[in-house]
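Numbering (our numbering), first residue to last: 5 to 334. What follows is a single structure, written as structure tokens, with notes after it.
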């Protein structure tokens, strides 16, 4: 049972440090405690755990404008941050992890500002059909987090300048562009500021859980862990990833997300595989390529390997098999 609520607001806007602070807090959170971490990044594209960096972002354009590309721990799709956006993260242990209750904090805060926000689908919050918040999730050991964006007064022009959104995804959402799908909270509450939204979130946090909210500072974060994670998020190998050239490529959009699988095979066995996806099941999807390497390209063998992975979802496994076993066109 929760007995301690804490809120920490990041002091800076460096995305690598902010992601490192988030990861540090995740490893420090203790049973019975929940932390609400509020943070902002300046001109940043954040890609999901399993996304292909160059496919999701026009990296040269972003970096030429002084922007940053970073990769987070959670799954999901690419998002653009500037100082008109406020990011939130709820961090707690598994027994107290309640995504519905955490989402209620966001909804209650936004509605208190007179904005009729609602949950739409699995991980979006909208107003009048316009998305202002997307969510993603991560867990390691007994610790879990739920984080996302809150668009207050984001400059929408760079969305199309920096982001490459898959036509399959836009088609599935029924829109012509990502810009057409999103909106700012300030459009529904003129004059809304980041500090005002931040205060509404802290108040709603205490109200939803019925507990006082303690204020934390960055000085309470373990400096050793913080340095370790900052090095990880600053490592180009982590950010940009590896894109091996493989013989066959398959891509499709499923109910849970977009999936691209590349693979090579010899003598009826998969010799190497690579996967890119905006699916929220980040940990499971990241394990798929290694599980496929050396496996016979036969349904039974492939299915057994994938279902044996931690966090395996039978529906996603079925979709992966659909791509892998699709007949090749000469």
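Glycine included, every Cβ here is placed at the ideal spot set by N, Cα and C.
Query: Proximal residues to residue 325 (C-beta, below 7 Å), its chain only, five neighbours per side dropped; Result: 303, 306, 307
Query: Spatial distance of residue 8 from residue 38 (CA atoms); Result: 6 Å
Query: Status (buried if at least 16 other CB within 10 Å, exposed otherwise) for residue 106; Result: buried
Query: Supposed contact pair residue 327 and residue 254 - C-beta distance, whole angstroms, cut 8 Å; Result: 4 Å
Query: Anticipated Cβ contact below 8 Å, residue 261 with residue 287, distance rounded; Result: At roughly 14 Å, the Cβ-Cβ gap does not stay under 8 Å, so residue 261 and residue 287 are not in contact.
Query: Nearest-angstrom Cβ-Cβ length linking residue 23 and residue 74, presumed shorter than 8 Å; Result: 6 Å
Query: Integer Cβ distance of residue 47 from residue 71, believed to fall under 8 Å; Result: 4 Å
Query: Best match in 140, 80, 52, 112 for proximity to residue 1 [C-alpha to C-alpha]; Result: Outside the modelled stretch of the chain, which goes from 5 to 334, sits residue 1, for which no answer is possible.
Query: Identity of the residue in 279, 33, 195 nearest residue 88 by Cα; Result: 195
Query: Alpha-carbon spacing of residue 334 relative to residue 63, whole angstroms; Result: Unreliable placement is indicated for residue 334, whose pLDDT of 39 sits below 50; the coordinate value is still reported in the next sentence. Residue 334 and residue 63: Cα-Cα distance of roughly 34 Å.
Query: Residue 94 in three-state terms, based on DSSP; Result: strand
Query: Among 256, 95, 53, 204, the one whose alpha carbon lies nearest that of residue 145; Result: 95
Query: Host alpha helix (DSSP H) of residue 156 (start-end); Result: It is not in any alpha helix (DSSP H) - residue 156 carries neither H nor E in the DSSP assignment.
Query: Beta-carbon gap between residue 292 and residue 279 smaller than 7 Å; Result: yes
Query: Residue 101 - DSSP class collapsed to helix/strand/coil; Result: coil
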